[in-house]
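From first to last, the protein sequence lines stand for chains A and B. So the first sequence is numbered by the working numbering: it starts at 498 and just counts up by one. So the second sequence is numbered by the working numbering: it starts at 178 and just counts up by one. By construction, the Cβ of each residue, glycine as well, lies at the ideal position given by its N, Cα and C atoms. These numbers were taken from a predicted model, which means no experiment stands behind them.
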Amino acid sequence: KAGVTQTPRYLIKTRGQQVTLSCSPISGHRSVSWYQQTPGQGLQFLFEYFSETQRNKGNFPGRFSGRQFSNSRSEMNVSTLELGDSALYLCASSLERTGEQYFGPGTRLTVT
Amino acid sequence: AQSVTQLGSHVSVSEGALVLLRCNYSSSVPPYLFWYVQYPNQGLQLLLKYTTGATLVKGINGFEAEFKKSETSFHLTKPSAHMSDAAEYFCAVSALLTGGGNKLTFGTGTQLKVEL
C-alpha cells in the first residue's frame, strides 16, 4: 500500500498570505489528523477529520482550518500567516479502532 | 488528560552498546502507547505500539519496549546500537475519545547519537 502523501513538501510564504496544504491518507484509512512540529513547541495536535467531519480539535487559533473530502483526502488552510507559523506540518492517517497513526513526510512551511 | 515525559533530550551511545530511551506517561484511562522515530527532514515512522495484551512489545529494526503499569513507564530499548539508529525518537500516548477518534500526545523527543 502507498503511504501517506503530502504536497507540497516545501513552501515559502510571506506574512499575511494564506496557504493550503494537502494530504492523501493510506487507502482505506478514514481518519486524518494534522500536527504542527516546531523546535520550541514540539509536536502539537491541530485537528482530526473523519468522514468529512472535524471530530477533534487542538488549541490553535481560528486561522487554522481544515476539511476532508469524500475520498478521505484532507486539506488544511492557514490564513493571515505569521512568522510563528513556520513549522513542519505533518498529516497522519489511521484506522478507526487501532489508534496507531501513520505519518506523511510533512510540508515544511517557511513564513518570511 | 494524557501526558508524556521523555527523560533526556539527548542520549549518546557507542555503536554496539545498549540503547535505552526513557518514557513515562500519565493517562486517566488505559493508554495506547507508541514509539516513533524521525530522521532528518522526514515524517514520523512508527517503531512499535502497545495497545492491550503482552506487555513486552517488539518493533521494527530490533527495538522493543515494555509497558509497566505500576511504574507508568514505556521505555524503549535495543540491545546493540547501529549507526543508522541515529535519529530523534518520540514517545506518544493516545486514548480513544468519547466522541470517537483519538489524539496523540507526544513527548518532547530524545535525540539519539551513535558514536564509533
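>> Against B:Q219, what residues of chain A qualify as contacts under a CB-to-CB distance less than 8 Å, listed in chain order?
In response: Translated into the one-based positions of the second sequence, residue 219 of chain B becomes position 42. Those are P602, G603, listed as they occur along chain A.
> Is A:G563 helix, strand or coil by DSSP?
Replying inline: By one-based count along the first sequence, residue 563 of chain A stands at place 66. Here A:G563 sits in strand by DSSP.
> For A:F542, which option in A:S576, A:F600, A:V608 has the closest C-alpha, if you only look at C-alpha atoms?
Replying inline: Reading the first sequence from its first residue, position 45 is the one you call residue 542 of chain A. Checking every option, the nearest Cα to that of A:F542 belongs to A:F600.
>> Taking a contact to mean a Cβ-Cβ separation below 8 Å, would you say A:Q534 touches A:V575 in this structure?
In response: Translated into positions along the first sequence, residue 534 of chain A becomes position 37. Translated into positions along the first sequence, residue 575 of chain A becomes position 78. A:Q534 places its beta carbon 8 Å or farther from that of A:V575.
> Is the CB of A:S528 under 8 Å away from at least one CB in chain B?
Replying inline: Here residue 528 of chain A is taken as the residue at index 31 of the first sequence, counted from 1. Between A:S528 and chain B, the shortest Cβ-Cβ separation is below 8 Å.
>> Given this structure, state the Cα-to-Cα distance separating B:V181 from B:R199, to the nearest angstrom.
In response: Here residue 181 of chain B is taken as the residue at index 4 of the second sequence, counted from 1. Here residue 199 of chain B is taken as the residue at index 22 of the second sequence, counted from 1. Approximately 10 Å, taken between the alpha carbons.
> How many Å lie between A:S567 and B:P256 at the Cα?
Replying inline: Residue numbering aside, residue 567 of chain A sits at position 70 when the first sequence is read from its first letter. Residue numbering aside, residue 256 of chain B sits at position 79 when the second sequence is read from its first letter. The straight-line gap from Cα to Cα measures roughly 45 Å.
>> What residue range does the beta strand (DSSP E) around B:Y216 cover?
In response: One-based indexing of the second sequence puts residue 216 of chain B at position 39. Segment: none, B:Y216 is in no beta strand (DSSP E) and carries neither H nor E.
>> Using the three-state DSSP reduction, which class does A:L578 fall into: helix, strand or coil?
In response: Within the first sequence, residue 578 of chain A is the residue found at index 81, counting from 1. Shown here, A:L578 sits in coil according to DSSP, grouped into three states, outside any helix or strand.
> Is it true that the CB of A:R506 sits closer than 8 Å to the CB of A:V608?
Replying inline: Working through the first sequence from its first residue, we reach residue 608 of chain A at position 111. Working through the first sequence from its first residue, we reach residue 506 of chain A at position 9. No; because the gap between Cβ atoms is not below 8 Å, this pair is not in contact.
> With DSSP run on the structure shown, which of helix, strand or coil describes B:S247?
Replying inline: Translated into the one-based positions of the second sequence, residue 247 of chain B becomes position 70. Three-state result, B:S247: coil.
>> Using 8 Å for Cβ pairs, my map puts B:W212 next to B:L195. What's the rounded Cβ distance?
In response: Here residue 212 of chain B refers to the residue found at position 35 when the second sequence is read from its first residue. Here residue 195 of chain B refers to the residue found at position 18 when the second sequence is read from its first residue. Their Cβ separation, rounded to whole angstroms, is 16 Å, which puts B:W212 and B:L195 out of contact at 8 Å.
> Would you say B:K280 faces chain A, with C-beta separation under 8 Å as the test?
Replying inline: The count along the second sequence starts at 1 and reaches residue 280 of chain B at position 103. Cβ-Cβ to chain A under 8 Å: yes for B:K280.
> Below 8 Å between beta carbons: does that hold for B:A264 and B:F283?
Replying inline: Here residue 264 of chain B refers to the residue found at position 87 when the second sequence is read from its first residue. Here residue 283 of chain B refers to the residue found at position 106 when the second sequence is read from its first residue. It is not a contact, given that the beta carbons lie outside the stated cut-off.
>> For the beta strand (DSSP E) containing B:Q183, name the first residue and the last one.
In response: To locate residue 183 of chain B, count along the second sequence from 1; it is residue 6. Residues 180 to 184.
> For B:V206, is the classification buried or exposed, using 16 other Cβ atoms within 10 angstroms of its Cβ as the cut-off for buried?
Replying inline: For the purposes of this step, residue 206 of chain B is taken as the residue at position 29 of the second sequence. It is exposed - the Cβ of B:V206 has fewer than 16 other Cβ atoms within 10 Å.
>> Which residues in chain B have a C-beta closer than 9 Å to the C-beta of A:N556? List them in chain order.
In response: Along the first sequence, read from residue 1 onward, the residue named residue 556 of chain A stands at position 59. Around A:N556, no beta-carbon contact reaches into chain B at under 9 Å, the shortest distance being about 11 Å.
> Residues of chain A with a CB under 7 Å from the CB of B:F283: which are they?
Replying inline: The count along the second sequence starts at 1 and reaches residue 283 of chain B at position 106. Neighbours of B:F283 in chain A, taken as residues at a C-beta separation under 7 Å, are given in chain order as G539, L540.
> With 8 Å set as the bound, which would you pick, yes or no: does the beta-carbon of B:F240 sit closer than that to a beta-carbon of chain A?
Replying inline: Locating residue 240 of chain B in the second sequence gives position 63, counting from the first residue. No, because no Cβ of chain A sits closer than 8 Å to the Cβ of B:F240.
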